[in-house]
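Top to bottom, those sequences are chains A and B. Numbering of the first sequence is given in my numbering, commencing with residue 4 and proceeding in unit increments. Numbering of the second sequence is given in my numbering, commencing with residue 4 and proceeding in unit increments. Take a look at the structure below.
Protein chains: 2
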Amino acid sequence: MKNYSRQRAAILEMLKNTKIHPCAAEIYAEVRKTIPNLSLGTVYRNLDELERAGKVQRVAGKFQTDRYDGDITQHAHFICTKCGKIEDYSLEHKLIADIMRGRSKATGFILNYFGLCEDCCKEKQ
Amino acid sequence: MKNYSRQRAAILEMLKNTKIHPCAAEIYAEVRKTIPNLSLGTVYRNLDELERAGKVQRVAGKFQTDRYDGDITQHAHFICTKCGKIEDYSLEHKLIADIMRGRSKATGFILNYFGLCEDCCKEKQ
DNA sequence: ATCCGTGCAAAGAATTTGCATACAT
DNA sequence: ATGTATGCAAATTCTTTGCACGGAT
């Protein structure tokens, strides 16, 4: 996938330079400052595209709106259960080790991993 | 919260007895076999209620539809990137340790944890 | 009698899509 | 010239909500 549209490049750029893990509407509002006639549909299409190309990741969570992260290195997220803020943590962070061992005050964590299930592995194609 | 409606009890029961981590529509279809005039709004209202009461959990993920889990013990999910199937794993499972150490073939994992961020901790109330 | 939950249908929010036009190669 | 991406608006999909009625305590 090439990045030859201004829109796509600007969306990717914006995601690389923010720490707020924005949703589509927030990306739209921000990039519109540079490209005023940007449309929301274009944001959605490009987020799909960028995600499938592995240049961006959707944050796994319990949001009512998809949130995106321009940092595709392996890291953990802390998600505030009150305000929804998302913070990045390295996997080596002490807090994470504490949580995994049940020694932290955080209310909980989720560990989800991805891959092909057995059935899908068997299928040709 | 009491469980004194047939509908709520049936929804909870269904979630406790399935391993498919269903979405609201799947719960609706299943419970309707027993309570044919059940409405979808009631399913949504009860899922909210049950989640807030901690009797059920929404699965954190990248779905386009919320998925629910009647197992509220701490465990991990394996999510197939092709068909979307969700499988349960205990946190002690060897595969998880392997993934955490980068020794597994799974494409990736996410570790998200929840709690109050600093700002929200500071707020009165 | 009171409170809470329900079914139904309408409303709302988030996301996707069709189409004619415009841009990149 | 050809591919692909865009803006716009309509359409879909998922979820929430208002309201009058029914069931539980």
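Just so it is clear, CB atoms sit at the ideal spot from N, CA and C, and this is done for glycine as well. Everything numeric in this text was worked out from a predicted model, so none of it was measured.
What residues in its chain sit with their C-beta under 7 Å from that of A/MET17, if we drop five residues either side in the sequence?
-> Against the first sequence, residue 17 of chain A aligns to sequence position 14. The residues ILE30, GLU33 and VAL34, in chain order, have a CB closer than 7 Å to that of A/MET17 in the same chain once the five nearest residues on each side in sequence are set aside.
Start and end residues, alpha helix (DSSP H) containing A/ALA28 = Within the first sequence, the letter at position 25 stands for residue 28 of chain A. Its alpha helix (DSSP H) spans residues 27-34.
To the nearest angstrom, report how far apart A/THR84 and A/PRO25 are at their CA atoms.
-> The residue you call residue 84 of chain A lines up with position 81 of the first sequence. The residue you call residue 25 of chain A lines up with position 22 of the first sequence. Straight-line spacing of the CA atoms in A/THR84 and A/PRO25 works out to 16 Å.
Could you please tell me which residues of the region 42-66 of chain B, in chain order, have their CB closer than 7 Å to any CB of chain A?
-> Cβ contacts with chain A come from ARG61, ALA63, GLY64 and LYS65.
Sequence-distant residues of the same chain with beta carbon closer than 8 Å to A/LEU94, five excluded per side = Translated into positions along the first sequence, residue 94 of chain A becomes position 91. Within the same chain, and ignoring the five residues on either side of A/LEU94 in sequence, the residues whose Cβ sits closer than 8 Å to its Cβ are GLN77, HIS78 and ALA79.
Once you ignore the five residues that flank B/ILE75 on each side, which residues in its own chain have a CB closer than 8 Å to its CB?
-> Here residue 75 of chain B refers to the residue found at position 72 when the second sequence is read from its first residue. Excluding sequence neighbours, B/ILE75 sits near GLY57, LYS58, VAL59 and GLN60.
Who are the Cβ neighbours of B/ASN6 in its own chain at under 8 Å, not counting the five residues just before and after it?
-> By one-based count along the second sequence, residue 6 of chain B stands at place 3. Excluding residues up to 5 positions away in sequence, ALA12 and LEU15 lie with their Cβ nearer than 8 Å to the Cβ of B/ASN6 in the same chain.
Can the beta-carbon of A/LEU50 be found closer than 8 Å to that of A/ALA27?
-> If you number the first sequence from 1, residue 50 of chain A lands on position 47. If you number the first sequence from 1, residue 27 of chain A lands on position 24. Their beta carbons are under 8 Å apart, which means A/LEU50 touches A/ALA27 by this criterion.
Between the CA atoms of A/THR21 and B/ILE23 - distance to the nearest angstrom | Translated into the one-based positions of the second sequence, residue 23 of chain B becomes position 20. Translated into the one-based positions of the first sequence, residue 21 of chain A becomes position 18. Distance between B/ILE23 and A/THR21, taken at the CA atoms: about 36 Å.
In the DSSP assignment, find the alpha helix (DSSP H) that holds A/ASP91 and state where it starts and stops.
-> Taking the first sequence and counting its residues from 1, one reaches residue 91 of chain A at position 88. Note, A/ASP91: premise wrong, no alpha helix (DSSP H); beta strand (DSSP E) at 89-92.
From what residue to what residue does the beta strand (DSSP E) around A/ALA79 run?
-> Your numbering for residue 79 of chain A matches position 76 in the first sequence. From DSSP, the beta strand (DSSP E) with A/ALA79 extends over 79-83.
Buried versus exposed call for B/LEU43 [16 or more other C-beta atoms within 10 Å across all chains shown] | Within the second sequence, residue 43 of chain B is the residue found at index 40, counting from 1. Label assigned to B/LEU43: exposed.
Spatial neighbours of B/ILE89 in its chain, beta-carbon cut-off 6 Å, leaving aside the 5 residues before and after | Residue 89 of chain B sits at position 86 when you count from the first residue of the second sequence. So the qualifying residues of the chain are HIS24, HIS80 and ILE82.
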